[in-house]
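There are 2 protein chains.
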Amino acid sequence: MPALPPAEIGAPFFDIDTPALVIDLDAMERNMALLAARVKALGVRLRPHAKTHKSAIIAAKQVALGAVGICCQKVAEAEALAAGGVRDILVSNEVVGGRKLARLAALARQIKIGVCVDHLDQVALLNEAARQAGSRIDVLIEIDVGGRRCGIAPGPLAVTFAAEIARCANLRFGGLQAYHGRAQHLRTPAERQAAIGAAQRGVADTVAHLKAAGFACDTIGGAGTGTFLLEGGSGVWNELQAGSYIFMDADYARNVSDEGGNAPRFEHALFVLATVMSATSTEQVVVDAGHKALSNDSGFPDVWQRPGLAYQRPSDEHGIITVAAGAQPPAWGNKLLLVPGHCDPTVNLHDWYVGVRDFGTPHARVETLWPVDARGALG
Amino acid sequence: MPALPPAEIGAPFFDIDTPALVIDLDAMERNMALLAARVKALGVRLRPHAKTHKSAIIAAKQVALGAVGICCQKVAEAEALAAGGVRDILVSNEVVGGRKLARLAALARQIKIGVCVDHLDQVALLNEAARQAGSRIDVLIEIDVGGRRCGIAPGPLAVTFAAEIARCANLRFGGLQAYHGRAQHLRTPAERQAAIGAAQRGVADTVAHLKAAGFACDTIGGAGTGTFLLEGGSGVWNELQAGSYIFMDADYARNVSDEGGNAPRFEHALFVLATVMSATSTEQVVVDAGHKALSNDSGFPDVWQRPGLAYQRPSDEHGIITVAAGAQPPAWGNKLLLVPGHCDPTVNLHDWYVGVRDFGTPHARVETLWPVDARGALG
């Protein structure tokens, strides 16, 4: 069953119970407006990735700012977000298995659905599922542009796929999915430029092969928060899929952020609020947020605006806050804000967002409680 | 909202959709019977830790095998398990914050509730919450026996706490909480013996101080799956809190398991079933279970009974399965069983257990679908 929300709407900030997933609403809104403006200036479409936030309410805000729709990774995410009102969803991932295909095809009767393929057998299976459901599905061919995960090799092979898709009455060839996830977290601008430059050559080559065979790509999708200026300015990609920009996280903050001095500065807008639940030492205290409240796969959280404090040695329900020499140890019962190391899997651990207005001021108040609609949507 | 279950009761094993949290019911039942028998032979009580399974149904099975009650770490877990019928719960952790104390005290009107303290101010706050609720709460003093997390130092300080608890009309002094979490995962028997030996001296010293001051400890609780024979045979601890034994995980399997050749062999009983969703290379394939389906905090999962396959480089929704030279690469669409690196936070990512009977045989069938009742119970 979903957990109780950790706060009431209208409550002052420090009445929020812990651990809680807290949004600085003003910072999130600035991040959303900034990204939307930058993508618009690039002259390309925006289809933000909802695997970050898993929220139909946030997706609606992205669409209101000009997004053509959203991406997600799982059929169950698409179902949850469609139930919340999203009308155009690309599952930017391969969907394998009869039950999931039937659900995807059923959803395509209600809203516009796209999905990716990198295996020829999948094309016929998708078509059959859509035929049985009486729906039509857009299909993008995923190409591996350097992530070494899913996707076929760039080049002429895509023509075989496009021809197969074009033969299927319940499918529509939608273009290419060309996402380079690893490039997002390369630390220096030069590394990111090199990675996206190599990806760009592969995409352009694939598009040329498809064009020569008579296949036009409506969508050439990809890019994330760490590199979207590169894909968006390449003249090749036409639909950007950034997601993390709304919240940012401690790992993204470790990127050296400068594409020619031009990169937008997104703000940390997502935090896990934790309480000091044990303080028996001057060298460390213990907070009530461990692996079950924070995903530590990309490093531990930062302690927000508390120099000398570091989050260490998490266990399931505890984190140790070490106190550097000369730093002020937090008192028993105090609350600390933690900047998650990796937002997406951290969000997935919580049932509720606590949206705070005037964050960081004495007037900070709980303005909203939003469900994490697609929390646990694995299938 | 909770996700749909990934299977139907009665379905054959390979109709289970993925990713799914799968229990080998026979192995789990053998683990439960084995631990119960070994603890009984030690002449001490068993209070298994439900933070592993978060399931009222599994807790009821543990009680049916002789457990006096269960432990959990969070008030919200206690609420979820009490709602499922558990009647005696120790929150083996400190509870800090007015909202949580009020909920804990309310729960103590319905069932037997114990909780731990390591701060004197907390004693009065607990008593006031119980007074307002009209309930009584058992209070254990947590001592730090080597885990360097919560707990006061062993020795005479506990007398001050016991006296304070004894003065409170709505509290009852219940004894000591003396859990050494880090000792569970020390790799060699000698290391584990040394750690629990040191803990034992601290516990015995604390008990002696309390006794001299007129305070008897009904409960001296602690121990986990990696060390329970040591605490249980010490003559000091009288209530064991092992949890992981029901499922085991890949990290526990890395322990050298031999306390004098006497250690019980628990079996892997919990798996994440995943599908090969992309297979574009002979050196690796991609499965549909990443950080959101598996907690990788204690190492990556093992691939069950598939020599030469290794799970690597997880991202949010993907895991890479590398194929060693000479090993058979799994085909596109195949399903693989993964042994989680760490069961407890992996369970917390799923809404459903799929309980399979005759696991690993051609007759394997879905016998049960159990909700993970306390999934996401953070507060």
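Top line first, the protein sequences correspond to chains P and X. Per this note's numbering, the very first residue in the first sequence carries number 175; after that it's consecutive. Per this note's numbering, the very first residue in the second sequence carries number 175; after that it's consecutive. Think of the CB as a built atom: it goes at the ideal place given N, C-alpha and C, for glycine as much as any other residue.
{"Query": "Cβ-heavy atom distance, residue 539 of chain P to the ligand HEM, below 6 Å", "Result": "No copy of the ligand HEM occurs in the structure displayed, which carries no ligand at all."}
{"Query": "Every unbroken beta strand (DSSP E) within the region 400-479 of chain X, with a cutoff of 3 residues, ordered by chain", "Result": "444-452, 458-461"}
{"Query": "Beta-carbon contacts of residue 328 of chain X that lie in its chain and below 7 Å, excluding the five residues immediately before and after", "Result": "317, 319, 376, 377, 379, 380"}
{"Query": "Distance between residue 531 of chain P and residue 554 of chain P (C-alpha atoms, nearest Å)", "Result": "This structure cannot settle anything about residue 554 of chain P, because the visible part of chain P is limited to 175 through 553."}
{"Query": "Closer than 7 Å to chain X by CB, residue 247 of chain P", "Result": "yes"}
{"Query": "Beta carbon of residue 446 of chain P nearer than 7 Å to that of residue 427 of chain P", "Result": "no"}
{"Query": "Residue 206 of chain X beta carbon less than 7 Å from that of residue 420 of chain X", "Result": "yes"}
{"Query": "Residue 345 of chain X, enclosing beta strand (DSSP E) - first and last residue", "Result": "345-351"}
{"Query": "Interface residues of chain P facing residue 324 of chain X [CB-CB closer than 8 Å]", "Result": "451, 452, 454, 460, 492"}
{"Query": "Residue ranges of each beta strand (DSSP E) within the region 283-368 of chain P, 3 or longer", "Result": "286-291, 311-316, 345-351"}
{"Query": "Contact between the region 502-509 of chain X and the region 504-517 of chain P (3+ Cβ pairs under 8 Å)", "Result": "no"}
{"Query": "Collapsed DSSP secondary structure at residue 517 of chain P in the structure displayed", "Result": "helix"}
{"Query": "Collapsed DSSP secondary structure at residue 223 of chain P in the structure displayed", "Result": "strand"}
{"Query": "7 Å Cβ cutoff, residue 297 of chain X in contact with chain P", "Result": "no"}
{"Query": "Contact residues within the region 356-373 of chain X, judged by C-beta distance below 8 Å to chain P", "Result": "none"}
{"Query": "is_contact[residue 301 of chain X, chain P] using C-beta, thresh 7 Å", "Result": "no"}
{"Query": "Residue 249 of chain X in three-state terms, based on DSSP", "Result": "helix"}
{"Query": "Interfacial residues, the region 469-482 of chain X to chain P, with Cβ spacing under 8 Å", "Result": "469, 470, 471"}
{"Query": "Rounded distance between the beta-carbons of residue 301 of chain X and residue 344 of chain X, thought under 8 Å", "Result": "5 Å"}
{"Query": "Euclidean distance between Cα positions of residue 237 of chain X and residue 518 of chain X", "Result": "20 Å"}
{"Query": "Beta-carbon contacts of residue 469 of chain P that lie in its chain and below 6 Å, excluding the five residues immediately before and after", "Result": "516, 519, 520"}
{"Query": "Cα-Cα separation between residue 414 of chain P and residue 304 of chain P, rounded to whole angstroms", "Result": "27 Å"}
{"Query": "Residues near residue 524 of chain X in its chain [Cβ-Cβ closer than 6 Å; skip 5 each side]", "Result": "195, 546"}
{"Query": "Residue 510 of chain X at chain P interface by Cβ criterion, 7 Å", "Result": "no"}
{"Query": "Nearest-angstrom Cα separation, counted from residue 193 of chain P out to residue 306 of chain X", "Result": "25 Å"}
{"Query": "For residue 429 of chain P and residue 406 of chain P, believed in contact at Cβ under 8 Å, the rounded distance", "Result": "About 17 Å; that fails the 8 Å criterion."}
{"Query": "Segment contact, 8 Å Cβ cut-off, at least three pairs: the region 243-258 of chain P with the region 222-234 of chain P", "Result": "yes"}
{"Query": "Below-7 Å beta-carbon distance, residue 212 of chain P vs any chain X residue", "Result": "no"}
{"Query": "Rounded C-alpha distance that separates residue 161 of chain X from residue 367 of chain X", "Result": "There is no way to answer for residue 161 of chain X, as the model of chain X reaches only from 175 to 553."}
{"Query": "Bounding residues of the alpha helix (DSSP H) (the contiguous stretch that carries residue 237 of chain X)", "Result": "230-238"}
{"Query": "Chain X within 7 Å of residue 307 of chain P, Cβ atoms only", "Result": "no"}
{"Query": "Cβ separation of residue 512 of chain X and residue 544 of chain X, assumed to be a contact under 8 Å, to the nearest whole Å", "Result": "Incorrect: roughly 20 Å between the Cβ atoms, too far for contact."}
{"Query": "Contact belief for residue 450 of chain X with residue 510 of chain X at Cβ below 8 Å, rounded distance in angstroms", "Result": "7 Å"}
{"Query": "C-beta contact flag for residue 424 of chain X and residue 363 of chain X at 7 Å", "Result": "no"}
{"Query": "Assigned exposure category for residue 481 of chain P - 16 Cβ within 10 Å defines buried", "Result": "exposed"}
{"Query": "Chain P within 7 Å of residue 537 of chain X, Cβ atoms only", "Result": "no"}
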